[in-house]
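Visitor: I am attaching a structure below and will ask some questions about it afterwards.
Residue numbers (my numbering): 459 to 713.
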């Protein structure tokens with residue numbers, strides 16, 4: 459029979475693994491709310507294109523009321539593009555409250571990933587299949603050809619045409635690769651990584667609790683009390699979301 463002390467050590471080790479996993483999940487870094495309609499922190503676009511698109515989307519919001527944003531970053535730091543986009547959208551709240559008519563085009567340059575996150579109110583107008591066509595039929599070929607400015611320009615134009623009621627301009631063939639609404643591969647990979655992480659942490663803490671319980675408890679206390687500073691959304695910026703929400707509608711892709 460396992461001695462009571464060792465049984466407690468096993469329980470503590472498992473608990474430690476779960477706590478550390480939860481701590482890691484909380485560290486997804488949400489970008490600060492943007493102060494413009496086009497934000498490029500990766501140098502993906504030429505400055506002139508970024509300015510022109512920013513003016514275009516600002517004017518479009520003034521005329522239509524819909525908030526369309528472009529955010530280009532470098533990496534999600536291991537998180538799926540779907541989770542990153544969903545949580546960022548939730549923090550920024552683009553679109554008008556009650557109408558939920560916001561949409562954000564996310565591009566992660568180093569990850570080579572794209573996500574169109576659609577607010578509740580625009581989901582019937584910009585369904586997943588259309589968002590997928592914009593990514594796979596318009597953006598991906600142009601990015602692969604080296605025309606990054608053209609990829610974003612035409613994607614923005616296609617979104618506006620779609621909202622205006624002319625989705626046929628986007629293309630008629632279904633999106634290539636995995637359908638957007640089911641990011642199975644990335645989520646499965648993330649779950650596998652989390653399982654491995656739990657197992658490794660549990661084993662390490664099990665050994666520590668058996669050989670040196672006081673050291674293990676000290677380490678756990680310091681990790682849980684001092685490791686909360688990395689996550690959360692940044693402040694600042696002049697952009698003010700109107701309170702829009704997203705239900706996870708949209709599409710993902712990559713090049």
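Cβ coordinates follow ideal geometry from the N, Cα and C atoms, glycine included.
Thinking just about the alpha-carbon of each residue, which of 513, 614, 618 is nearest to the one in residue 565?
Guide: Taking the chain shown and counting its residues from 1, the one referred to as residue 565 is at position 107. Ranking 513, 614, 618 by Cα distance to residue 565 puts 614 first.
Visitor: Flag residue 532 as yes when its Cβ comes closer than 7 Å to any non-hydrogen atom of the ligand COA, and as no otherwise.
Guide: The ligand content of the structure shown is nil, which means the ligand COA is not present either.
Visitor: Where DSSP assigns a beta bridge to residue 710, which residues make up the other side?
Guide: If you number the chain shown from 1, residue 710 lands on position 252. Residue 710 pairs with 573.
Visitor: Touching or not, the stretch 576 to 589 and the stretch 487 to 498, by the rule of three or more beta carbon pairs under 8 Å?
Guide: Cβ pair count under 8 Å is below three, so no.
Visitor: What three-state label does DSSP hand residue 563 in the structure shown?
Guide: Within the chain shown, residue 563 is the residue found at index 105, counting from 1. Reduced to three states, the DSSP call for residue 563 is strand.
Visitor: Measure the beta-carbon distance from residue 609 to residue 601 and round it to whole angstroms, keeping in mind my assumption that it falls under 8 Å.
Guide: Counted from its first residue, the chain shown places residue 609 at position 151. Counted from its first residue, the chain shown places residue 601 at position 143. The pair is a contact, with the Cβ atoms about 5 Å apart (cut-off 8 Å).
Visitor: Starting from residue 598, trace the alpha helix (DSSP H) both ways and give me its first and last residue.
Guide: For the purposes of this step, residue 598 is identified with residue 140 of the chain shown, where counting begins at 1. From DSSP, the alpha helix (DSSP H) with residue 598 extends over 598 to 602.
Visitor: Hey, how far is the Cα of residue 672 from the Cα of residue 662?
Guide: Here residue 672 refers to the residue found at position 214 when the chain shown is read from its first residue. Here residue 662 refers to the residue found at position 204 when the chain shown is read from its first residue. Distance between the alpha carbons of residue 672 and residue 662: 14 Å.
Visitor: When the distance is taken between beta carbons, is residue 568 closer than 8 Å to residue 532?
Guide: For the purposes of this step, residue 532 is identified with residue 74 of the chain shown, where counting begins at 1. For the purposes of this step, residue 568 is identified with residue 110 of the chain shown, where counting begins at 1. Contact: yes.
Visitor: Mind checking whether residue 562 and residue 515 have CB atoms under 8 Å apart?
Guide: For the purposes of this step, residue 562 is taken as the residue at position 104 of the chain shown. For the purposes of this step, residue 515 is taken as the residue at position 57 of the chain shown. No.
Visitor: Residue 594: buried (16+ other C-beta within 10 angstroms of its C-beta) or exposed?
Guide: Here residue 594 refers to the residue found at position 136 of the chain shown. Burial call: buried.
Visitor: Does the Cβ of residue 499 have 16 or more other Cβ atoms within 10 Å, making it buried, or fewer, making it exposed?
Guide: Locating residue 499 in the chain shown gives position 41, where the first residue counts as 1. The residue in question, residue 499, is exposed, as its Cβ has fewer than 16 Cβ neighbours within 10 Å.
Visitor: Pick out the complete beta strand (DSSP E) segments inside the stretch 490 to 529, 3 residues or longer, and give them in chain order.
Guide: If we require 3 residues or more, the beta strand (DSSP E) runs fully inside the stretch 490 to 529 come out as 496 to 498.
Visitor: Please return the same chain residues whose Cβ sits closer than 7 Å to the Cβ of residue 707, not counting the five positions on each side in sequence.
Guide: Along the chain shown, read from residue 1 onward, the residue named residue 707 stands at position 249. Contacts found: 576, 581, 586.
Visitor: Where does residue 532 fall in DSSP's three states?
Guide: Residue 532 sits at position 74 when you count from the first residue of the chain shown. It is coil, neither helix nor strand.
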